[in-house]
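S.K.: Can you keep this structure in mind? I'll have questions shortly.
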Amino acid sequence: MDRHNRRRARRRLLVWGVLAGLFLVWAAVAPLLAPNDPYLADLSIARQPPSAQYPMGTDSLGRCLLSRILAGAPATVYDSLLVVAVTFALGSGIGVLCGYFGGKLDTVVMRLVDILLAFPGMILCIAVAGFLGSGMGNAVIALSVTGWTQYARLARSRVLAMREDGFLQAARISGSSHGKIILRHVLPNAMRVLIVTAALSVGGTMLEMASLSFLGLGAAAPMAEWGVLLNEGRGLLQTNPNLVFCPGIFLFVAVMLSNLLGDSIRDVLDPQG
Numbered sequence: 029m030d031r032h033n034r035r036r037a038r039r040r041l042l043v044w045g046v047l048a049g050l051f052l053v054w055a056a057v058a059p060l061l062a063p064n065d066p067y068l069a070d071l072s073i074a075r076q077p078p079s080a081q082y083p084m085g086t087d088s089l090g091r092c093l094l095s096r097i098l099a100g101a102p103a104t105v106y107d108s109l110l111v112v113a114v115t116f117a118l119g120s121g122i123g124v125l126c127g128y129f130g131g132k133l134d135t136v137v138m139r140l141v142d143i144l145l146a147f148p149g150m151i152l153c154i155a156v157a158g159f160l161g162s163g164m165g166n167a168v169i170a171l172s173v174t175g176w177t178q179y180a181r182l183a184r185s186r187v188l189a190m191r192e193d194g195f196l197q198a199a200r201i202s203g204s205s206h207g208k209i210i211l212r213h214v215l216p217n218a219m220r221v222l223i224v225t226a227a228l229s230v231g232g233t234m235l236e237m238a239s240l241s242f243l244g245l246g247a248a249a250p251m252a253e254w255g256v257l258l259n260e261g262r263g264l265l266q267t268n269p270n271l272v273f274c275p276g277i278f279l280f281v282a283v284m285l286s287n288l289l290g291d292s293i294r295d296v297l298d299p300q301g
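Using this note's numbering, you'd call the opening residue of the sequence shown number 29 and step up by one each time.
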């Protein structure tokens, strides 16, 4: 990538990074911005169209849809980021150890990874979530249990590629401990591609989190999570499409912003990827 393209990539990263930061701040304070109580049911105003008091209308129980969308923003956004952080740390750590030490540890763990990757990711996640039961905590566990494998395999391949490089050989000859070599040399050189992978997976994780809630395996009613709102509104799509379109638009914006930021990070950190 030439100098001009690098500057453009950095500018895009700055723009999308600022927008993503603003979105995270908004998601954190969104419940405080709710114009009405998101859990107050009033059947006398059920399925109301958008109005000044209820800007996005009310659901089948008379609850303010906008207030419920705002109340559900932290759960959808920050629980998804938690899943990405856990899978990134767990998978990267396991992959680095397997690639660096090899032997029986590498064989056993990689066979486990192969078994997990043999199943469609979402199907396996649904199976784990169904076994654990509904709840956002169990959804985070299910997505984490099934999501670490991509980082483990990627980290292992990067470490294997550099294991015999001269700088690692020199570090071993100098008497550095394994922990020091991993922390000072292996991780920094493997981290770039892992960060890119994590950044690109945030949007997909949000969709998976919302999908589990939509299926009743994540957040459960009356919790105001975006997947739950989509599930509550799907039966009224023909008569009250706003109950589906409004939370869907918020989810679309969140995923699109995450993907654009991930693409910008990839262009800067891994321009040849």
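Where is the CB? At the ideal position from N, CA and C, for every residue including glycine.
Hey, T115 and S172: beta-carbon distance below 8 Å or not?
M.R.: In the sequence shown, the residue the question calls residue 115 occupies position 87. In the sequence shown, the residue the question calls residue 172 occupies position 144. It is a contact, given that the beta carbons lie within the stated cut-off.
S.K.: Would you identify the three-state DSSP class for T177, choosing helix, strand or coil?
M.R.: By one-based count along the sequence shown, residue 177 stands at place 149. If DSSP states are grouped into helix, strand and coil, T177 belongs with the helices.
S.K.: Using only CA atoms, which one of L258, V221, R220 and A249 lies nearest to A238?
M.R.: Counting from one through the sequence shown, the residue named residue 238 turns up at place 210. Comparing Cα-Cα distances from A238 to each of L258, V221, R220 and A249, the minimum goes to L258.
S.K.: What number of angstroms, rounded off, separates the C-alpha of V124 from the C-alpha of V187?
M.R.: Within the sequence shown, the letter at position 96 stands for residue 124. Within the sequence shown, the letter at position 159 stands for residue 187. If you take the alpha carbons of V124 and V187, they lie about 6 Å apart.
S.K.: What are the start and end residues of the alpha helix (DSSP H) that includes G207?
M.R.: By one-based count along the sequence shown, residue 207 stands at place 179. H206 to I209 is the extent of the alpha helix (DSSP H) around G207.
S.K.: Which same chain residues, not among the five before or five after F242, have their C-beta less than 7 Å away from its C-beta?
M.R.: Looking up residue 242 in the sequence shown gives position 214. Result list for F242: G255, L258 and N259, in chain order.
S.K.: Indicate whether V141 and R181 have their beta-carbon atoms separated by less than 8 Å.
M.R.: Working through the sequence shown from its first residue, we reach residue 141 at position 113. Working through the sequence shown from its first residue, we reach residue 181 at position 153. Taking 8 Å as the Cβ cut-off, V141 and R181 qualify as a contacting pair.
S.K.: Please identify the residue among S72, L94 and A183 whose C-alpha is closest to the C-alpha of I122.
M.R.: In the sequence shown, the residue the question calls residue 122 occupies position 94. I122 has its Cα closest to that of A183, out of S72, L94 and A183.
S.K.: From the DSSP secondary-structure annotation, give me the bridge partner or partners of V86.
M.R.: Translated into positions along the sequence shown, residue 86 becomes position 58. Note that residue 86 is Thr in the sequence shown here, rather than Val. Per DSSP, C92.
S.K.: Helix, strand or coil: which one does DSSP assign to T267?
M.R.: Here the question's residue 267 lines up with position 239 in the sequence shown. Three-state result, T267: coil.
S.K.: Would you call the region 86 to 102 and the region 60 to 76 touching, i.e. three or more CB-CB distances under 8 Å?
M.R.: yes
S.K.: Which residue marks the beginning of the alpha helix (DSSP H) containing G163, and which one marks its end?
M.R.: Reading the sequence shown from its first residue, position 135 is the one you call residue 163. Neither: G163 is in no alpha helix (DSSP H) and is coded neither H nor E.
S.K.: Please identify the residue among S292, L271 and G231 whose C-alpha is closest to the C-alpha of F280.
M.R.: What you label residue 280 is simply residue 252 of the sequence shown in a count that begins at 1. For F280, the nearest C-alpha among the options comes from G231.
S.K.: So does the region 203 to 219 actually touch the region 141 to 150, counting three or more Cβ pairs closer than 8 Å?
M.R.: Because the criterion of three Cβ pairs below 8 Å is not met, the region 203 to 219 and the region 141 to 150 do not touch.
S.K.: Straight-line CA distance for M219 to D107?
M.R.: Residue numbering aside, residue 219 sits at position 191 when the sequence shown is read from its first letter. Residue numbering aside, residue 107 sits at position 79 when the sequence shown is read from its first letter. Roughly 23 Å between the two C-alpha positions.
S.K.: Considering L257, what are the terminal residues of the alpha helix (DSSP H) in which it resides?
M.R.: Along the sequence shown, read from residue 1 onward, the residue named residue 257 stands at position 229. Looking at the DSSP string, the run of the alpha helix (DSSP H) that includes L257 is W254 to G261.
S.K.: How far does the alpha helix (DSSP H) with N217 in it reach, from first residue to last?
M.R.: The residue you call residue 217 lines up with position 189 of the sequence shown. Where N217 is concerned, the enclosing alpha helix (DSSP H) stretches over L215 to F242.
S.K.: For a quick check, are the C-beta atoms of A55 and P102 less than 8 Å apart?
M.R.: Against the sequence shown, residue 55 aligns to sequence position 27. Against the sequence shown, residue 102 aligns to sequence position 74. Contact: yes.
S.K.: Using DSSP with H/G/I as helix, E/B as strand and the rest coil, what is L50?
M.R.: By 1-based counting over the sequence shown, the position of residue 50 is 22. Looking at L50 - three-state DSSP - the assignment turns out to be helix.
S.K.: By the DSSP assignment, the alpha helix (DSSP H) with G131 in it spans what residues?
M.R.: By 1-based counting over the sequence shown, the position of residue 131 is 103. Element bounds for G131: G131 to L145.
S.K.: Taking 6 Å as the limit between beta carbons, can you name the residues of its chain near N287, skipping five residues before and five after?
M.R.: Residue 287 sits at position 259 when you count from the first residue of the sequence shown. Closer than 6 Å at the Cβ level, and outside the excluded window around N287, lie G231.
S.K.: Between the region 267 to 284 and the region 124 to 134, do three or more beta carbon pairs fall short of 8 Å?
M.R.: no
S.K.: Secondary structure at P59, three-state DSSP: helix, strand or coil?
M.R.: One-based indexing of the sequence shown puts residue 59 at position 31. Helix at P59.
S.K.: Quick one, are the C-beta atoms of L245 and G158 less than 8 Å apart?
M.R.: Translated into positions along the sequence shown, residue 245 becomes position 217. Translated into positions along the sequence shown, residue 158 becomes position 130. A contact, by the Cβ cut-off of 8 Å.
S.K.: For G127 and Y179, I'd like the C-alpha separation in whole angstroms.
M.R.: By one-based count along the sequence shown, residue 127 stands at place 99. By one-based count along the sequence shown, residue 179 stands at place 151. For the pair G127 and Y179, the Cα-to-Cα distance works out to about 12 Å.
S.K.: Please classify Q76: is it buried, with 16 or more other beta-carbons within 10 angstroms of its beta-carbon, or exposed?
M.R.: Taking the sequence shown and counting its residues from 1, one reaches residue 76 at position 48. Buried, by the Cβ-count rule.
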